[in-house]
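Here the protein sequences come in this chain order: B and X.
The working numbering applies: residue 524 is where the first sequence begins, and numbers increase by one.
The working numbering applies: residue 5 is where the second sequence begins, and numbers increase by one.
Glycine residues also receive a C-beta, built at the ideal position from the N, C-alpha and C atoms.
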Amino acid sequence: MIGFAVTIALCLLALSLAATAMRGLSMASVAIYGSSALLCLALVLVGAGTLLTHADASGMRIPIGLPWLGSHLHLDALSAVFVTLLGVGGAAASAYAIGYGRHEHEPHRVLPFYPGFLGAMVLVLLAGDAFTFLLSWEIMSLLSWALVLTNHRADETRKAGYLYLVMAGLGTMLLLLAFGLLAGSGGGYDFAAIRAAKHSPALAALVLALMMLGAGSKAGLVPLHVWLPVAHPAAPSHVSALMSGVMTKVAVYGFMRVAFDLLGPVHWSMSVPVIVVGALTAVMGILFANVDGDGKRILAFSTIENIGVIFTALGLALAFRSSDMPVLAALALTAGLLHAMNHMLFKSLLFMVAGAVLNATGRRDLDELGGLIHRMPKTAFLALIGVMAITALPPLNGFVSEWLLFQAVLQSPKLPQPGLQFLVPAVGGLLALAAALAAACFVRFFGVIFLGRPRSDVARDAVETDRWSLAAMGGLALLCVLAGILPGFLIDLMAPAVDLAVGARVPVQGGNSWFTLIPVAEVRSSYSGFLVMVFVAISGGAVAWLVHRLASRRLRRAPAWDCGFPNADPVTQYGAGSFAQPIRRVMAPLLGARETVTMPPPGDMSAARHGVQTEDMAWRFCYQPMIAAVFYATTRLNALQFLTIRRYLTLVFGSLILLLTGLTIWN
Amino acid sequence: MQGYAFDIAHLLAGSLVLVSFMMIYQDRLYALLNTFALQAVLLSLAVAWQAYIQGAHHLYASAAIALVFKGIIVPWALHRIVRRLGIDREVETVTGVVPTMLAGMGLVALSILLMLQLTQSAENAIAREDLAFALSVILLGMLMMVTRRTAVTQVVGFMSLENGLILAAAGAQGMPLVVEISVAFSVLIAMIVIGVFLFRIRERFDSVDLEALDDFRGERQ
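Written out as structure tokens, the structure is:
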């Protein structure tokens, strides 16, 4: 298995080199994306095959890399879950790109980096030592950075690219420190050696904090998320889908690998920051999604929310595991893994929808779209499925994972620590808030883009997207539905990974009647997506039949009620800003929202203006003070540039004496 | 024999440190150069003694190199430079002699504390004491470089620092001759380079006071 997986990863990397050679070939784009899609499907086979056969962890060592270490590669159940996730996401994005790539003006800005990006992510998942892990992590970061810069002529994109590069560098540095601490002074960078070593509680806490910051900066945890809503949308849409749907999951994998596998047992208090940061990330992410006016940025903010939900689940799993409740830990972890998988499905789908809309209209701003359901009915239908999935409506897949997570939250009174007993229900409240806000956000997303009347000429003249893109989106939508009504199979598939991480699993779901989900005995509740779907289908069908039967079948058009203000201009419709206003006003302090109204003086006929600014508080309270501190320090240290030779010598001498004194005291 | 060997090695190494202190309070350039020559002679004696008690014959070569290069050639060359440049014969110190001496004592205390602690496992008492004294000589050489203004005195400080390195190497039983010779040559070359620079600085600024360079950079407030 591992040999097969590594071969695929290397093929993907080689495909990148091939793409550079295929400059100028008209079929290059189809060839590259087509082979990427096939390789990703092979990855799904590898991942799912490993999980289905309950194959033992397999590893191999390639003598490339550090001379005494080589490169260890390793495939176990945990990697296999994420390899499957990556395979599905990558295959869908590549298939979508076959159609989407035709609209690229400069395909060679994307082609050489795209397969390599996929390959590097596979290698991160397969890494069996810290060196390989960090190296492939950095390759993944740099290639995705190159992909973000595809449209490098836009000023915004360059800024986004710079911000991303800085944050990615910071993240890798923190991961380096974390793995350095794990390996200890002995330098045992092999994961097996790290796993075997005993780590003191203080060290474990430090490593976990570094992993939170390092992997969290890639995943988009607040307050390290600032690059995500600018960088993800700047890339071409299929790359955005990969970055949001898959790369953030690779970061989640990195965190899980260390927190659940390498670090060994951790103190329960370590779970508190994970839970709290996760919940805050969920709420802040979706709040920003609610007030943003750019379709792709809304999706990126929503990614932040979902990452928050996943991290909350991971935190709960840590809490349950440290209190020796492996079954409940398995429940929380299953919820987290399932949500990671689901989020990959619907977020990729929605980014592809945004890409299709972008291709058809050239607009990302919600207030320039509208009425696309008439022009792009198929895309609209698929978007509706994605939107219903992401807002956790049953019987779709988003509901299943959130339901499982809430089942885990409801078990918090069983935890022995009073602190957690209070904290976890509060976090449950925050998660419920996030779920409700997500619903509001995606009603707005779908409503403003697809319903109503077109707000611009380009939206009026849009045409349906191509068949490849529709097929990729359709495949993802189908998977969303299937994962929603048959979640038991997915849970069974992931069970070996959960077992590896917390030492227990939720009961086998495959044989339950009516495909009912019965998580664990303690929960005493169950859910059947299949039955809900049957009910929805029957009741919906019956209502439609009755309405059409009893009323006439004729389509009627009538003037809309215009509130007594007979202006037919499409901009008088309820728009993105109108949807956002109530939430923006209520949450103004959190969003840093300010409204300005400029009235013309009396007698002046010019229009009054209403402006809204929102501001990410992370900038004001976290980054600006840091930037100011760096500037202050560098201005002060600037004097060191202009010392006399003797002073430089004194400086060297002084630091030597200081170090020697330190050494004396240390001994 | 053992105690006797130890005492002599101790005496020689200790006198190197003592000469380092003497160099710190010299206020005439020629006297400083002579003291430096004395230190080099003492160094060659110390190394020769190490060669004798360790039975390591290649160390005699090291001793000879130290004597010829540092005891004779370098002081002579520096004498010539000072004469040819017509440098002011007075050593200009940055701080007074007394604070410098006190700082030097602190440095010696630090290096002895540190070295005796670090080398507790080493059974060879001679090597331990030697290392402690060698570190003192190195630190005192650096102190001299830091507290003097003119380039010539900084060169002397640098050479004396290097004496400390040789002493440490001789005491550590086993520095190969090749390394030693290359160190000796690199120091000689460093001296030549610095000497050339001295002439160039002097040509341009009519002084070898390094502060003049800073005036030139326009960075002196």
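Item	Value
Excluding the 5 residues flanking T99 of chain X on each side, which residues of the same chain have their C-beta closer than 8 Å to its C-beta?	T151
Name the residues in the stretch 1159–1171 of chain B whose C-beta lies less than 7 Å from a C-beta of chain X; which are they?	F1165, T1167, I1168 and R1169
Does chain X have any CB closer than 8 Å to the CB of R1186 of chain B?	Here residue 1186 of chain B is Leu; the residue named in the question, Arg, does not match the sequence. Yes, because at least one Cβ of chain X sits closer than 8 Å to the Cβ of L1186 of chain B.
Between which two residues does the alpha helix (DSSP H) holding V671 of chain B run?	A653 to V671
Buried or exposed, going by whether 16 or more other CB atoms sit within 10 Å of the CB of N920 of chain B?	buried
To be precise: take each residue of the stretch 739–762 of chain B, compare its Cβ to all Cβ atoms of chain X, and keep it if any distance is under 8 Å. Which residues remain?	none
Cβ atoms of L566 of chain B and P1019 of chain B: under 8 Å apart, would you say?	no
With burial defined as no fewer than 16 other Cβ atoms inside 10 Å of the residue's Cβ, what is the status of F783 of chain B: buried or exposed?	buried
For L822 of chain B and P752 of chain B, what's the separation of their Cα atoms in angstroms?	8 Å
Got a sec? Which residues, its chain only, sit under 6 Å from S645 of chain B by beta carbon, not counting five neighbours each side?	Per the sequence shown, the amino acid found at residue 645 of chain B is Val instead of Ser. Around V645 of chain B: A532.
Quick one: does N1190 of chain B have its CB under 8 Å from some CB of chain X?	yes
Taking the runs of the alpha helix (DSSP H) that are 4 residues or longer, which of them lie wholly in the stretch 1047–1074 of chain B?	1052–1073
Determine the contact status of T826 of chain B and S767 of chain B, defining contact as a CB-CB distance below 8 Å.	yes
Can the beta-carbon of L42 of chain X be found closer than 8 Å to that of V51 of chain X?	no
Is there a C-beta anywhere in chain B that falls below 8 Å from the one on L114 of chain X?	yes
Take G651 of chain B and list the residues in its own chain whose beta-carbon comes closer than 6 Å to its own, dropping the five residues that flank it on each side.	G582, H595, L596, H597 and F714
Between which two residues does the beta strand (DSSP E) containing R1117 of chain B stretch?	R1117 to T1121
Comparing the C-beta of L1183 of chain B with each C-beta of chain X, is any distance below 8 Å?	yes
Quick one: any contact between the stretch 684–696 of chain B and the stretch 624–636 of chain B, if contact means 3 or more CB pairs under 8 Å?	no
Counting only beta-carbon separations shorter than 8 Å, does V191 of chain X have a partner in chain B?	no
Tell me, which residues are paired with Q1136 of chain B by DSSP?	B:R1117
Compare the C-beta of F605 of chain B with all C-beta atoms of chain X and state if any pair is closer than 8 Å.	no
Between the alpha carbons of V1070 of chain B and L649 of chain B, how many angstroms are there, rounded?	55 Å
Output needed for R867 of chain B: all residues of its chain with C-beta closer than 8 Å, excluding positions within five of it in sequence on either side, in chain order.	Inspection of the sequence shows that residue 867 of chain B is occupied by Met rather than by Arg. Within the same chain, M867 of chain B has close Cβ partners L608, V611, G612, G768, V769 and K772.
Could you tell me whether the stretch 758–766 of chain B touches the stretch 725–742 of chain B, where touching means 3 or more Cβ pairs closer than 8 Å?	no
Give me the Cβ distance between A985 of chain B and R1080 of chain B, rounded to the nearest whole Å; I'm assuming they're in contact under 8 Å.	With 8 Å as the limit, A985 of chain B and R1080 of chain B do not qualify as a contact, their Cβ atoms being about 21 Å apart.
Tell me whether D1127 of chain B sits in a helix, a strand or coil according to DSSP, three-state version.	coil
Look at L1238 of chain B and I913 of chain B and say whether their C-beta atoms are less than 8 Å apart.	As shown, chain B starts at 524 and ends at 1190. That puts residue 1238 of chain B outside it, with no answer to give.
Go ahead and label M1149 of chain B buried or exposed: buried means 16 or more other beta carbons lie within 10 angstroms of its beta carbon, across all protein chains shown.	exposed
Going by other Cβ atoms of all chains shown within 10 Å of its Cβ, with 16 needed for buried, is N813 of chain B buried or exposed?	buried
Can you check which of these residues, X:M146, X:I198, X:A172 and X:G199, is closest to T104 of chain X by C-alpha distance?	X:M146
Out of B:G893, B:R967, B:L1163 and B:V529, which one is the CA nearest neighbour of S979 of chain B?	B:G893
So the alpha helix (DSSP H) S552 of chain B belongs to, where does it begin and stop?	A551 to L575
Buried or exposed for T1157 of chain B, going by 16 or more other Cβ atoms inside 10 Å?	exposed
What does the alpha-carbon distance come out to for the pair L568 of chain B and L993 of chain B?	23 Å
Secondary structure at S594 of chain B, three-state DSSP: helix, strand or coil?	strand
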